[in-house]
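*Asks:* Please see the structure below; I have some questions.
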Amino acid sequence: TAHFHVVYPEWRASSLTTEGASQWWFPCANISETTDVNNRTQWPVTGGSLSLTVSHPWALTYVNLGIGTNVSAFNISLVNGFNQTGNGTFCLKETGKAALEAGLQKANLSKEALEGMQGSLQIIQIASTGASLYNCADITFNATAALLPDDQCKNGTGVGGVAIQNVGATAANATPSPSPTGAAA
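One point on numbering: in the UniProt record's numbering, the residue at position 127 of the sequence shown is 127, and numbering is uninterrupted.
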């Protein structure tokens with residue numbers, strides 16, 4: 001079965017093998033937020049790395065953030081939706097730096113205020129069949145947390161991302177896709 005696996009930050013639990021879980025269930029595959037602080041990944045306050053193992057030839061991909069615990073609203077979109085292509089490892093080095101800054105500004109929060117706060121990432125992939133797949137990872141913001149090193153954050157052969165654009169739109173008017181090895185807008 002073609003689904004996806006969140007490698008980093010650590011996902012809540014395997015939505016492929018956990019009893020009662022299903023990636024088809026909004027918002028987090030029927031897997032509750034962790035209460036174990038050891039299952040929360042320390043994530044930079046400027047946006048951290050995201051690594052997935054993907055198995056669809058392509059999937060429209062979205063990465064959202066909810067700040068706090070028991071998140072019910074993932075209301076900060078960290079990257080513009082994009083078409084993730086190819087099967088294998090897909091990695092974003094620094095996910096959503098500009099979007100995180102804008103979301104914090106709207107919430108009247110500073111990066112300094114974010115230090116030590118908990119949050120949850122929601123990763124959504126919409127496959128060629130139209131099925132939406134969901135996974136979540138719980139994080140704690142930490143100003144000293146590091147991004148994944150380059151040797152751990154690289155795309156597999158033939159794996160990448162393409163901006164979504166309207167039919168007939170020119171490339172100059174397209175929303176940029178996230179940079180798999182650099183900072184994503």
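Positions of the beta carbon are idealized from the N, C-alpha and C atoms, including for glycine.
Taking the beta strand (DSSP E) that Leu92 falls in, what are its first and last residues?
*Replies:* Counting along the chain, the beta strand (DSSP E) containing Leu92 begins and ends at Gly88 to Leu92.
*Asks:* Contact check, Gly68 vs Thr157 under 8 Å by CB: the rounded distance?
*Replies:* Their Cβ separation, rounded to whole angstroms, is 39 Å, which puts Gly68 and Thr157 out of contact at 8 Å.
*Asks:* Give the secondary structure of Val6 by DSSP, where H, G and I count as helix, E and B as strand, and everything else as coil.
*Replies:* In this structure, Val6 counts as strand in the three-state DSSP scheme.
*Asks:* Of the choices Asp151, Asn64 and Gln118, whose alpha-carbon is the least far from that of Phe93?
*Replies:* Just to set this straight, residue 93 is Lys in the shown sequence, not Phe. It is Asp151.
*Asks:* Quick one: what does DSSP say Ala13 is sitting in, helix, strand or coil?
*Replies:* Of the three classes helix, strand and coil, the one that applies to Ala13 here is coil, per DSSP.
*Asks:* Whole angstroms are fine: how far does the CA of Thr140 sit from the CA of Ala102?
*Replies:* Each residue's Cα considered, the two are about 19 Å apart.
*Asks:* Rank Ala113, Phe26 and His5 by C-alpha distance to the C-alpha of Ser72 and give the top, closest one.
*Replies:* Residue Phe26 is the option with its Cα nearest to Ser72.
*Asks:* Taking three-plus beta-carbon pairs below 8 Å as touching, is the region 2 to 9 in contact with the region 48 to 56?
*Replies:* Flag = yes, the region 2 to 9 and the region 48 to 56 touch.
*Asks:* Determine which residues share a DSSP beta bridge with Thr41 and list them.
*Replies:* DSSP output for Thr41 lists Ile139 as bridge partner(s).
*Asks:* Alpha carbon to alpha carbon, how far is Lys97 from Pro149? Give it in angstroms, no decimals.
*Replies:* In a straight line, the C-alpha of Pro149 is about 17 Å away from that of Lys97.
*Asks:* Going by beta carbon distance, what residues of the same chain come within less than 7 Å of Ala145, once the five residues before and after it are set aside?
*Replies:* Result list for Ala145: Gln42, Trp43, Pro44 and Gly48, in chain order.
*Asks:* Could you check whether the region 122 to 137 touches the region 59 to 66, counting it as contact only if at least three pairs of C-beta atoms, one from each stretch, sit closer than 8 Å?
*Replies:* Judged by Cβ distances under 8 Å, the region 122 to 137 makes contact with the region 59 to 66, as three or more pairs qualify.
*Asks:* Let me confirm a value: Thr95 is counted as buried when at least 16 other C-beta atoms fall within 10 Å, else exposed. Which label applies?
*Replies:* By the neighbour-count rule (16 or more Cβ atoms within 10 Å), Thr95 is buried.
*Asks:* Hey, how far is the Cα of Ser128 from the Cα of Ser22?
*Replies:* Going by the C-alpha atoms only, they are around 18 Å apart.
*Asks:* Could you check what DSSP says for Leu78 in three-state terms: helix, strand or coil?
*Replies:* Strand at Leu78.
*Asks:* Based on DSSP bridge pairs, tell me the residues matched to Gly66.
*Replies:* Note: Gly66 sits in a beta bridge opposite Ser120.
*Asks:* Does the beta-carbon of residue 192 have 16 or more other beta-carbons within 10 angstroms, so that it is buried, or is it exposed?
*Replies:* With the chain covering 1 to 185 only, the question about residue 192 has no answer from this structure.
*Asks:* Measure the C-alpha to C-alpha separation of Tyr134 and Cys28 and round it to an integer number of angstroms.
*Replies:* Distance between the alpha carbons of Tyr134 and Cys28: 5 Å.
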